[in-house]
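Protein chains in written order, with the working numbering: chain D, 1 to 161; chain R, 1001 to 1161.
Glycine is no exception: its CB is placed at the ideal position from the N, C-alpha and C atoms.
Before any comments, here is the structure.
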């Protein structure tokens, strides 16, 4: 199990998930950027991911289709804003391509990976929203539980890489 | 005077300003990216610009403060998403820094500069919005007249560079 650490939000409409993950940041970065690996941990089970397309570079599109246990599919289109190998990934759903506005800008995600020693990583995922309503909706959708479970699933997968 | 050309919007909530400008694209790019030059043409006169700060690179912030004839100031914070020298500039007001969400994402601007021969440039500025309401509001604020007047002012300035 990943270890929860205490990191406060920096911005007004931010949710933050901070963990020490027992895997080096190279493996975590790979699990975030290799579609076949991402599929195995990116949604809380028993949900699954039926499709992943990612063009991992600033301005590159991504599409992640999530599937619930009844087989309903939920496409999540977005774009990469910034990619620094093994260190940092920034994505947003405000665009579906470079630079096509999405139906609604809901959030921007900043992931930072820092070496925490002994092959572990300080893993901080910040979800930034454009207003308080969206932040609250995201929290009620189960941000902390969902992203926390995914962090644990990520740790398990990383151990196999 | 710059020459209006007929270019249709590509996206649903887009406004487009298309001109042939009698200046080479290097000078137009410079007029867009040098704060002291930008100040001289970027708002329709008699409005003025009291302050310009620009970090011209993907993820770099920009702040343009417009001033009306009564002295009221209107700050416009934003960010560069893409910069290709002499060819392409993409900005948005959805972020005020890398990657701080703004108060409200209103538009993304894609400017493309193409060589039109004889030292002229095919100048296309596309304003993309997240919904029809914002596109309509922008049009009513005088998008075509305002951006058109600015294109003429830009042409005049470029002739002096």
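Identity of the residues DSSP links to residue i by a beta bridge
| i | result |
| --- | --- |
| residue 115/D | 121/D |
| residue 84/D | 88/D |
| residue 1008/R | Answer is none; residue 1008/R lacks a bridge partner. |
| residue 76/D | 64/D |
| residue 95/D | 101/D |
| residue 28/D | Bridge partners of residue 28/D: none, in fact. |
| residue 126/D | 16/D, 110/D |
Selection from the options that minimises the alpha carbon distance to residue i
| i | options | result |
| --- | --- | --- |
| residue 105/D | 38/D, 9/D, 76/D | 76/D |
| residue 1096/R | 1038/R, 1061/R, 1052/R | 1061/R |
| residue 50/D | 35/D, 3/D, 86/D | 35/D |
| residue 79/D | 86/D, 91/D, 118/D | 91/D |
| residue 1081/R | 1108/R, 1068/R, 1012/R, 1154/R | 1108/R |
| residue 1042/R | 1094/R, 1133/R, 1140/R, 1067/R | 1067/R |
| residue 1126/R | 1071/R, 1135/R, 1118/R, 1120/R | 1135/R |
| residue 122/D | 88/D, 160/D, 143/D | 88/D |
| residue 24/D | 118/D, 144/D, 11/D | 118/D |
Supposed contact pair residue j and residue i - C-beta distance, whole angstroms, cut 8 Å
| i | j | result |
| --- | --- | --- |
| residue 31/D | residue 157/D | 6 Å |
| residue 65/D | residue 74/D | 7 Å |
| residue 1110/R | residue 147/D | The pair is not a contact, with the Cβ atoms about 33 Å apart (cut-off 8 Å). |
| residue 1128/R | residue 1014/R | 5 Å |
| residue 21/D | residue 154/D | 7 Å |
| residue 139/D | residue 86/D | Going by Cβ atoms, the distance from residue 139/D to residue 86/D rounds to 29 Å, so no, they are not a contact pair. |
Simplified DSSP state of residue i, which is helix, strand or coil
| i | result |
| --- | --- |
| residue 1057/R | coil |
| residue 42/D | coil |
| residue 51/D | strand |
| residue 17/D | strand |
| residue 1158/R | helix |
| residue 143/D | helix |
| residue 23/D | coil |
Checklist entry - Looking at chain R, which residues of the stretch 51–79 of chain D have a Cβ within less than 7 Å of any of its Cβ atoms? => result Correct list: 58, 59.
For the stretch 1080–1097 of chain R, which residues have a beta carbon sitting closer than 8 Å to at least one beta carbon of chain D?
Going along the stretch 1080–1097 of chain R in chain order, one finds 1081, 1082, 1090, 1092, 1094, 1095 with a Cβ nearer than 8 Å to chain D.
Margin query: Counting only Cβ-Cβ distances shorter than 8 Å, please list the residues of the stretch 114–130 of chain D near chain R, keeping chain order.
Written below: Residues passing the 8 Å Cβ filter: 128, 129, 130.
Which of the residues in the stretch 1035–1048 of chain R, read from start to end, lie with their CB under 7 Å from any CB of chain D? Correct list: empty, as no residue qualifies.
Note down, in chain order, all residues in the stretch 5–17 of chain D with a beta-carbon under 8 Å from any beta-carbon belonging to chain R. Listed in sequence order: 11, 13.
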